[in-house]
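**Q**
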Amino acid sequence: MSEPTPVARLIGVDKSFGSHTVLAAVTLELPAGRCTFVAGPSGTGKSVLVRHLVGLLRPDAGEVWYRDLRVDQLDEQALLVLRRKCVYVFQHPTLFDSMSVAENVALVVKYHKGVKARVAESLARAQLERMGLSRLADARPPELPSGEQKLVSLARALALEPETLILDEPTTGLDPYAAFEIDAHVRQLKEQGVTLLVISHDLQSIRRLADEVVFLFDRQVRYQGGMQGFFEANDPVLDQFVHARVHGAI
Amino acid sequence: MALWITVGQMLSLSLWALLRLRLGGREMVRQVYETGNRSILFVGITMAFIGMIGVYELASTMEAVLPEYSTLGAATLQGLTREMGPIMAGLLLATRVGTGMAAEIGSMQVSDQIDAMKLCSVDPVELLVLPRLFASSIASLGLAALGTTIAFFSGMAVAWFGFSILPDTFMSLRFVVTGDLIMGISKALVFGFTVPLVSCACGFQASGGSEGVGKATTRAVVLSSFLVIVEDALITYIGEVLQ
Ligand SMILES: Nc1ncnc2c1ncn2[C@@H]1O[C@H](COP(=O)(O)OP(=O)(O)OP(=O)(O)O)[C@@H](O)[C@H]1O
Ligand SMILES: [Mg+2]
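Printed below as a string of structure tokens:
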């Protein structure tokens with residue numbers, strides 16, 4: 001198999017908040033049509049990293065590319081075009097509380113696809129139906145358990161038919177069954193050729209789904225490569241993470 | 001500093017929306033109702049007291065200086081129209097409505113909902129702020145007018161029972177000229193616009209969990225009340241210069 005072209009690239013990205021440096025010279029490629037997992041200890045900046053890809057954060061130094069778009073230099077208007085193709089699902093459910101589930105999905109469809117409210121509503125319901133979530137359509141997000149909120153967030157993202165999907169810890173905090181359900185959706189997307197970037201600590205998910213793994217540690221990319229290599233790497237930090245050892249650098 | 005940039009951005013966006021007459025449609029109407037409804041009792045009771053206190057003080061002074069009351073009602077009405085009506089509406093809006101907006105937008109900000117909107121191509125300013133801005137201006141005008149009326153009649157009662165001034169004598173429009181009316185209306189509109197503008201901006205600037213939301217709310221009420229008072233002085237000054 002030939003080396004797939006990267007969809008997104010970070011080149012030498014630095015990011016600090018005040019005096020706290022989160023990313024230092026991070027360089028990363030996201031291969032097209034593959035499923036890349038980003039792992040790393042809590043608080044290493046995984047969420048910060050991916051927020052750069054959709055222009056929610058701008059790097060202090062370095063470049064962010066999505067295909068031939070220089071993301072870190074786009075204005076809000078131009079970012080909309082990017083955000084239609086490359087969709088980010090937040091770590092915590094960010095459904096709008098004052099709207100029903102169907103309205104949440106419809107709102108996004110309406111704005112991104114520029115269709116009438118009624119059309120958006122029926123597209124939204126169709127998307128929920130496809131994911132077996134029709135029974136939730138009229139519920140309010142705060143009433144739902146977190147697993148279902150995550151599924152709805154995923155549905156809202158998929159309603160846009162993205163070319164690249166970024167999932168921020170989609171299974172963290174879910175019971176094994178709900179996590180399995182999310183993984184099944186990820187697998188299906190993978191088969192459809194969607195480029196995936198999944199942030200996850202879940203070693204099982206990584207084993208099941210990852211093509212590539214990126215391991216972030218101490219402000220830098222510690223490992224980027226194939227999934228097998230990740231589990232077999234001869235690196236004490238990776239070894240500690242993979243085997244969940246208490247003692248070590250993490 | 002970042003706050004004033006946000007205020008500036010929202011101001012230009014809202015003026016642009018105003019020019020295109022895109023005021024937020026049904027959501028705006030709903031907000032007028034909400035804003036007005038939430039404040040009407042508060043404003044009514046407060047203004048009733050303000051009217052009574054104002055007339056009592058004014059009448060006592062008049063009694064000492066010029067022992068006749070023929071201008072009491074007219075002076076009261078003028079003061080209410082130009083000053084007390086709009087400024088009390090503005091300040092009450094800041095405490096009653098501005099805080100709510102700052103808290104609501106602030107908690108959306110700290111829970112990533114605002115970022116989520118941006119990702120969804122939904123402009124949070126257009127969706128959340130514009131309807132509130134225009135709604136609050138309209139509500140402020142209504143509240144100022146209502147407050148002025150209530151204060152005038154409560155003052156009339158004090159004049160009648162406390163100083164034996166008959167309502168016939170009190171009820172006088174002699175002093176109120178078009179200029180006063182214009183001043184009152186423009187103040188009410190400006191205050192009604194300022195409060196949500198500043199409060200929403202404070203909400204957008206919130207960071208760091210529920211503590212951040214609390215700070216944003218405090219900041220919103222302090223800043224917007226302060227601005228209302230400064231703007232009041234400015235508009236009064238401009239009005240005097242123009243006359
Ligand atoms: N807007 C912000 N302002 C200040 N500091 C921030 C901000 N966003 C993130 N941080 C800091 O950056 C660091 C990395 O945060 P990030 O959320 O990316 O971690 P993470 O790897 O996603 O961890 P987790 O697994 O807990 O989600 C944290 O120390 C956090 O406090
Ligand atoms: Mg995170």
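Chains as they are written, first to last, in my numbering: chain A, 1 to 250; chain B, 1 to 243. Even glycine gets a Cβ: it sits at the ideal position worked out from N, Cα and C. Computed from a predicted model, the values in this text were never measured in an experiment.
Please report the distance separating the alpha-carbon of Arg156 of chain A from that of Pro59 of chain A.
**A** For the purposes of this step, residue 156 of chain A is identified with residue 156 of the first sequence, where counting begins at 1. For the purposes of this step, residue 59 of chain A is identified with residue 59 of the first sequence, where counting begins at 1. Computed Cα separation, rounded: 27 Å.
**Q** Would you say Tyr66 of chain A lies against chain B (beta-carbon separation less than 9 Å)?
**A** Start at 1 with the first residue of the first sequence, and residue 66 of chain A comes out as number 66. Chain B, which has no Cβ nearer than 9 Å to the Cβ of Tyr66 of chain A, makes this no.
**Q** If we ignore side chains and look at the alpha-carbon of each, how far apart do Gly44 of chain B and Gln91 of chain A end up?
**A** Reading the second sequence from its first residue, position 44 is the one you call residue 44 of chain B. Reading the first sequence from its first residue, position 91 is the one you call residue 91 of chain A. When rounded, the distance between both Cα atoms is 46 Å.
**Q** Is it the case that the CB of His20 of chain A approaches a heavy atom of ligand 1 more closely than 8 Å?
**A** Residue mapping note: residue 20 of chain A aligns to position 20 of the first sequence, counting from 1. Yes; taking the cut-off as 8 Å, the Cβ of His20 of chain A has a heavy atom of ligand 1 nearer than that.
**Q** Where do the ends of the alpha helix (DSSP H) carrying Gly100 of chain B lie?
**A** Reading the second sequence from its first residue, position 100 is the one you call residue 100 of chain B. Note, Gly100 of chain B: alpha helix (DSSP H), Thr99 to Val110.
**Q** What residues of chain B sit near Phe96 of chain A, judged by a beta carbon separation below 7 Å?
**A** Within the first sequence, the letter at position 96 stands for residue 96 of chain A. Going along chain B in sequence order, the residues near Phe96 of chain A (Cβ under 7 Å) are Gln113.
**Q** Specify, as a first and last residue, the run of the beta strand (DSSP E) that Lys15 of chain A falls within.
**A** Looking up residue 15 of chain A in the first sequence gives position 15. Looking at the DSSP string, the run of the beta strand (DSSP E) that includes Lys15 of chain A is Pro6 to Phe17.
**Q** Who are the near neighbours of Val190 of chain B in its chain, counting only those whose CB is closer than 6 Å to its CB and skipping five residues on each side?
**A** For this step, residue 190 of chain B is matched to residue 190 along the second sequence. Excluding sequence neighbours, Val190 of chain B sits near Glu231.
**Q** Per DSSP, Tyr237 of chain B is paired with what?
**A** Within the second sequence, numbered from 1, the residue matching residue 237 of chain B stands at position 237. Answer is none; Tyr237 of chain B lacks a bridge partner.
**Q** Of the choices B:Arg26, B:Gly100, B:Gly179 and B:Gly90, whose alpha-carbon is the least far from that of Thr218 of chain B?
**A** Position 218 of the second sequence, counted from the first residue, corresponds to residue 218 of chain B. Here the closest residue by C-alpha is B:Gly100.
**Q** If you count every other CB in all the chains shown that lies within 10 Å of the CB of Leu15 of chain B, and 16 or more means buried, which is it?
**A** Along the second sequence, one-based indexing puts residue 15 of chain B at 15. That one is exposed.
**Q** Could you tell me which chain B residues have their CB closer than 7 Å to the CB of Arg83 of chain A, listed as they occur along the chain?
**A** For the purposes of this step, residue 83 of chain A is taken as residue 83 along the first sequence, with counting starting at 1. Simply Leu119 and Ser121.
**Q** Could you list which residues in chain A have their beta carbon closer than 7 Å to that of Ala116 of chain B, in chain order?
**A** Locating residue 116 of chain B in the second sequence gives position 116, where the first residue counts as 1. Per Cβ cutoff of 7 Å: Phe90 and Thr94.
**Q** Within 10 angstroms of its Cβ, does Arg84 of chain A collect 16 or more other Cβ (buried), or is it exposed?
**A** Counting from one through the first sequence, the residue named residue 84 of chain A turns up at place 84. Flag for Arg84 of chain A reads buried.
**Q** Identify which residue in B:Leu13, B:Gln113, B:Arg132 and B:Leu80 has its Cα closest to the Cα of Arg30 of chain B.
**A** For the purposes of this step, residue 30 of chain B is taken as residue 30 along the second sequence, with counting starting at 1. Comparing Cα-Cα distances from Arg30 of chain B to each of B:Leu13, B:Gln113, B:Arg132 and B:Leu80, the minimum goes to B:Arg132.
**Q** Identify each residue in the region 99 to 115 of chain A for which the Cβ-Cβ distance to at least one residue of chain B is less than 8 Å, and report them in chain order.
**A** Residues Leu107, Val108, Tyr111 and His112.
**Q** Compute every distance between the C-beta of Asp112 of chain B and the non-hydrogen atoms of ligand 2, then say whether any falls below 8 Å.
**A** Working through the second sequence from its first residue, we reach residue 112 of chain B at position 112. Answer for Asp112 of chain B: no, Cβ out of range of ligand 2.
**Q** Just the chain B side, please: which residues come within less than 8 Å of Leu56 of chain A by C-beta, in chain order?
**A** Here the question's residue 56 of chain A lines up with position 56 in the first sequence. Going along chain B in sequence order, the residues near Leu56 of chain A (Cβ under 8 Å) are Asp115, Lys118 and Leu119.
**Q** Taking all protein chains shown into account, decide if Glu212 of chain A is buried (16 or more other Cβ within 10 angstroms of its Cβ) or exposed.
**A** The residue labelled residue 212 of chain A in the question sits at position 212 within the first sequence. Glu212 of chain A is buried by the Cβ-count criterion.
**Q** Quick check: is the beta carbon of Val87 of chain A nearer than 9 Å to any beta carbon in chain B?
**A** Counted from its first residue, the first sequence places residue 87 of chain A at position 87. Judged by the 9 Å Cβ criterion, Val87 of chain A is in contact with chain B.
**Q** Any chance you could list the residues with Cβ under 7 Å from a heavy atom of ligand 2, keeping chain order?
**A** In chain order, the hits are A:Lys46, A:Ser47, A:Gln91, A:Asp168, A:Glu169 and A:Ile199.
**Q** Is DSSP giving Pro170 of chain A helix, strand or coil here?
**A** As a first step, residue 170 of chain A must be located in the first sequence, where it is residue number 170. Reduced to three states, the DSSP call for Pro170 of chain A is coil.
**Q** Just tell me which of A:Thr164, A:Gly45, A:Val38 and A:Pro41 has its CA closest to the CA of Thr21 of chain A.
**A** Counting from 1 along the first sequence, the entry for residue 21 of chain A is found at position 21. The shortest Cα separation from Thr21 of chain A among A:Thr164, A:Gly45, A:Val38 and A:Pro41 belongs to A:Gly45.
**Q** Identify the continuous beta strand (DSSP E) that holds Leu23 of chain A and give its terminal residues.
**A** As a working note, residue 23 of chain A is residue 23 in the first sequence. Start and end: His20 to Pro31.
**Q** Would Leu143 of chain B and Gly36 of chain B qualify as a contact pair, given that the criterion is a beta-carbon distance under 9 Å?
**A** What you label residue 143 of chain B is simply residue 143 of the second sequence in a count that begins at 1. What you label residue 36 of chain B is simply residue 36 of the second sequence in a count that begins at 1. Going by C-beta atoms, Leu143 of chain B is nearer than 9 Å to Gly36 of chain B.
**Q** Among A:Glu169, A:Ala210, A:Val242 and A:Ser47, whose alpha-carbon lies nearest the alpha-carbon of Glu191 of chain A?
**A** The residue labelled residue 191 of chain A in the question sits at position 191 within the first sequence. For Glu191 of chain A, the nearest C-alpha among the options comes from A:Ala210.
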